[in-house]
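Novice:
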Amino acid sequence: MPTTVPTPSLDVASIRRDFPILERKIHGKPLAYLDNTATTQKPASVLKALEDFYRTRNANVHRGVYLLGEEATADYEGAREKVARFVNARAAEDVVFTRGTTESVNLVSNAWGRVNVGKGDVIVSTEMEHHSNLVPWQLLAQERGAILRHIPVDGHGRLDLTDLDRILDGPVKMVSFTWVSNALGTVNPVVELTRRAHAAGALVFVDAAQSVPHMPVDFQATDADFLAFSGHKMLGPTGIGALVAKRKHLEAMPPLFGGGEMIREVTLQHATWADVPSKFEAGTMNYADAIGLGAAIDYLTPLGMDLVHAHGRALACQAMRALQAIPGVTVYGPPIEENRGGVVSFSVDGVHAHDVAGTLDQDGIAVRAGHHCAMPLHARLGVPATARASFTVYNDAAEIDRLAAGVRKVKAVFAR
Ligand code: PLP
1 MPTTVPTPSL
11 DVASIRRDFP
21 ILERKIHGKP
31 LAYLDNTATT
41 QKPASVLKAL
51 EDFYRTRNAN
61 VHRGVYLLGE
71 EATADYEGAR
81 EKVARFVNAR
91 AAEDVVFTRG
101 TTESVNLVSN
111 AWGRVNVGKG
121 DVIVSTEMEH
131 HSNLVPWQLL
141 AQERGAILRH
151 IPVDGHGRLD
161 LTDLDRILDG
171 PVKMVSFTWV
181 SNALGTVNPV
191 VELTRRAHAA
201 GALVFVDAAQ
211 SVPHMPVDFQ
221 ATDADFLAFS
231 GHKMLGPTGI
241 GALVAKRKHL
251 EAMPPLFGGG
261 EMIREVTLQH
271 ATWADVPSKF
281 EAGTMNYADA
291 IGLGAAIDYL
301 TPLGMDLVHA
311 HGRALACQAM
321 RALQAIPGVT
331 VYGPPIEENR
341 GGVVSFSVDG
351 VHAHDVAGTL
361 DQDGIAVRAG
371 HHCAMPLHAR
381 LGVPATARAS
391 FTVYNDAAEI
401 DRLAAGVRKV
411 KAVFAR
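One point on numbering: in our numbering, the residue at position 222 of the sequence shown is 222, and numbering is uninterrupted.
1. With 16 other CB atoms within 10 Å as the buried threshold, where does residue 119 fall?
2. Quick check on residue 390: does DSSP put it in helix, strand or coil?
3. Could you check whether the Cβ of residue 130 sits closer than 7 Å to any heavy atom belonging to the ligand PLP?
4. How is the alpha helix (DSSP H) around residue 125 delimited, first residue to last?
5. Shorter than 7 Å, the distance from the beta carbon of residue 182 to the closest heavy atom of the ligand PLP, or not?
6. Can you give the Cα-Cα distance for residue 236 and residue 44, rounded to whole angstroms?
7. On the criterion of 16 or more Cβ atoms from any shown chain inside 10 Å, does residue 265 qualify as buried, or is it exposed?
8. Is the region 325-333 close to the region 398-414, with three or more CB pairs under 8 Å?
9. Can you find the residues in the same chain that come closer than 7 Å, C-beta to C-beta, to residue 318, ignoring five residues on each side of it along the sequence?
10. Would residue 46 and residue 299 qualify as a contact pair, given that the criterion is a beta-carbon distance under 8 Å?
11. For residue 241, is the beta carbon positioned less than 7 Å from some heavy atom of the ligand PLP?
12. Beta carbon of residue 207: closer than 7 Å to some heavy atom of the ligand PLP?
13. Alpha carbon to alpha carbon, how far is residue 309 from residue 50?
14. Using 10 angstroms around the beta-carbon of residue 354, count the other beta-carbons present and answer buried if the total reaches 16, otherwise exposed.
15. Please report how far the alpha carbon of residue 416 lies from the alpha carbon of residue 342, in whole angstroms.
16. Residue 417 to residue 315, Cα distance in whole Å?
17. Buried or exposed: residue 267, going by 16 or more other Cβ atoms within 10 Å of its Cβ?
18. For a test of your reading of the model: does the CB of residue 210 fall under 7 Å from any non-hydrogen atom of the ligand PLP? Yes or no.
19. Pull up the distance between the alpha-carbon of residue 126 and that of residue 176, whole angstroms please.
20. Just to check my reading of the structure: residue 217 and residue 211 have Cβ atoms closer than 8 Å, yes? What is that Cβ distance to the nearest angstrom?
21. In the DSSP assignment, find the unbroken beta strand (DSSP E) run with residue 181 in it and report its ends.
22. Cβ atoms of residue 231 and residue 296: under 8 Å apart, would you say?
23. If you run the structure through DSSP and keep just helix, strand and coil, what is residue 422?
24. So does the region 83-95 actually touch the region 105-121, counting three or more Cβ pairs closer than 8 Å?
25. Just to confirm before moving on: does the CB-CB distance between residue 40 and residue 213 stay below 8 Å?
26. Could you check if residue 232 belongs to the surroundings of the ligand PLP, using beta carbon to heavy atom distance under 7 Å?
27. May I ask which residues mark the beginning and end of the alpha helix (DSSP H) holding residue 137?
28. In three-state terms, what does DSSP make of residue 254?
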């Protein structure tokens, strides 16, 4: 008799016990937190790492020649090594701590862009970007007289690469795109886009805000030049994230912020810069939350990022099937057979997305409503706002059942 090998999967019941906030009741109902694209909840181990650090090891990093300062520095640099290993950066020095994805994009658009982008140069992005990967490039283009082009999106919310050769024609300096859409869960072909952008002579910036938290990410395998993500979206604290880059770019770029610790020597008229990554880390950094991010990586790594991705995708498929079965509900994004992140955006005929989210909230279900910081994408899809459910390691099938029941209730309430 053939033996069936059980498919490995996450032990969600056990994971849920690690997240204290999941014990909360919302309007008297158990919390079903389905807004993980916006931010994620924190496991007890991350909360404990923050508390332990402040209770027993806090001192400013890279300054004290006393034991406490040395310990704090070791913890901070240890967190950098964890980040580097997690995304397979070439070295820990290729990781610059930032406030998050938004700051990482702005760091590159300013520090790299002001030196490398001139009048008539082209910056390419896509129609599906989060505003944080559109607006910084717009500011740069306005300042430098550069031209913006965008890879279009098809009706299923996938990039349409038909005209890519034309879009990449000319003095294209940067191609900046999201790996996974925060609004639709679309997974973009990072390796192909990077290869074609490089062939056109451009550098590549990957917005990995929705990929690093949810799937295996190998920075070196992408061959991208820059990659950015945020700690708070991957079970870590707010106010910390990273820019990962090829060393040669970090070495060539001028610093963005001036201040303590980013210098080698300062005179009244002049300064020289510290080595990377310190050159980009002026002033007192958010070292405590960097250490918290390290604890989040320690939590995610043993789960297995391939299983984390499979779990998010399975929940997304379950949610798509359940929502598509409800008359009057439209689900956006790639078809169910295609790879996607754990994100499902939908609308209910005749009911505004805010009313959908407000009604679900009465049942303890937290979903996002609006344009999800992707107004051009919503304009392309012809819908001003959607409701969005997004999943991570602590979400389970029962919560999807509650979501579907809640949406049926929305229909009943607003049909009256
Ligand atoms: N890019 C994507 C794809 C996102 O989903 C987000 C946040 O939702 C961001 C960028 C911005 O991240 P942050 O606000 O943490 O800087």
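Yeah, the Cβ is synthetic: ideal placement off N, Cα and C, and Gly gets one too.
A quick note: this is a predicted structure, and the numbers were derived from the prediction, not measured.
Specialist: Quick answer:
1. For the purposes of this step, residue 119 is taken as the residue at position 119 of the sequence shown. Label assigned to residue 119: exposed.
2. Counted from its first residue, the sequence shown places residue 390 at position 390. In this structure, residue 390 counts as strand in the three-state DSSP scheme.
3. Within the sequence shown, residue 130 is the residue found at index 130, counting from 1. Checking every heavy atom of the ligand PLP against the Cβ of residue 130, one is found closer than 7 Å.
4. Residue 125 sits at position 125 when you count from the first residue of the sequence shown. Looking at the DSSP string, residue 125 is not in any alpha helix (DSSP H); the run it does join, the beta strand (DSSP E), is 122-126.
5. The sequence position of residue 182 within the sequence shown is 182, counting from 1. Yes, the Cβ of residue 182 comes within 7 Å of a heavy atom of the ligand PLP.
6. Position 236 of the sequence shown, counted from the first residue, corresponds to residue 236. Position 44 of the sequence shown, counted from the first residue, corresponds to residue 44. Looking at the two C-alpha atoms, the distance is approximately 11 Å.
7. As a first step, residue 265 is located in the sequence shown; it is residue number 265 there, counting from the start. Exposed, by the Cβ-count rule.
8. yes
9. Locating residue 318 in the sequence shown gives position 318, where the first residue counts as 1. Around residue 318: 397, 400.
10. Looking up residue 46 in the sequence shown gives position 46. Looking up residue 299 in the sequence shown gives position 299. Yes, the Cβ-Cβ distance between residue 46 and residue 299 is below 8 Å.
11. For this step, residue 241 is matched to residue 241 along the sequence shown. Yes - the ligand PLP has a heavy atom lying nearer than 7 Å to the Cβ of residue 241.
12. Within the sequence shown, numbered from 1, the residue matching residue 207 stands at position 207. Yes - the ligand PLP has a heavy atom lying nearer than 7 Å to the Cβ of residue 207.
13. Counting from one through the sequence shown, the residue named residue 309 turns up at place 309. Counting from one through the sequence shown, the residue named residue 50 turns up at place 50. C-alpha separation (whole angstroms): 27 Å.
14. Within the sequence shown, residue 354 is the residue found at index 354, counting from 1. Exposed: under 16 other Cβ atoms inside 10 Å.
15. Position 416 of the sequence shown holds residue 416. Position 342 of the sequence shown holds residue 342. Each residue's Cα considered, the two are about 32 Å apart.
16. Outside the modelled stretch of the chain, which goes from 1 to 416, sits residue 417, for which no answer is possible.
17. Taking the first residue of the sequence shown as 1, we reach residue 267 at position 267. By the 10 Å Cβ count, residue 267 comes out exposed.
18. Along the sequence shown, read from residue 1 onward, the residue named residue 210 stands at position 210. Indeed, a heavy atom of the ligand PLP lies less than 7 Å from the Cβ.
19. By 1-based counting over the sequence shown, the position of residue 126 is 126. By 1-based counting over the sequence shown, the position of residue 176 is 176. If I take the Cα positions, the gap works out to 8 Å.
20. To locate residue 217, count along the sequence shown from 1; it is residue 217. To locate residue 211, count along the sequence shown from 1; it is residue 211. Rounded, the Cβ-Cβ distance is 6 Å, consistent with contact.
21. Taking the sequence shown and counting its residues from 1, one reaches residue 181 at position 181. Note, residue 181: premise wrong, no beta strand (DSSP E); not H, not E.
22. Locating residue 296 in the sequence shown gives position 296, counting from the first residue. Locating residue 231 in the sequence shown gives position 231, counting from the first residue. Taking 8 Å as the Cβ cut-off, residue 296 and residue 231 qualify as a contacting pair.
23. The structure shown does not extend to residue 422, since the chain is modelled only from 1 to 416, so the question has no answer here.
24. no
25. Translated into the one-based positions of the sequence shown, residue 40 becomes position 40. Translated into the one-based positions of the sequence shown, residue 213 becomes position 213. Contact: yes.
26. Locating residue 232 in the sequence shown gives position 232, where the first residue counts as 1. Yes, since a heavy atom of the ligand PLP falls inside the 7 Å radius drawn around the Cβ of residue 232.
27. Walking along the sequence shown from the start, residue 137 turns up at place 137. Run containing residue 137: 135-144, per the alpha helix (DSSP H) assignment.
28. Translated into the one-based positions of the sequence shown, residue 254 becomes position 254. Three-state DSSP puts residue 254 in coil, outside helix and strand.
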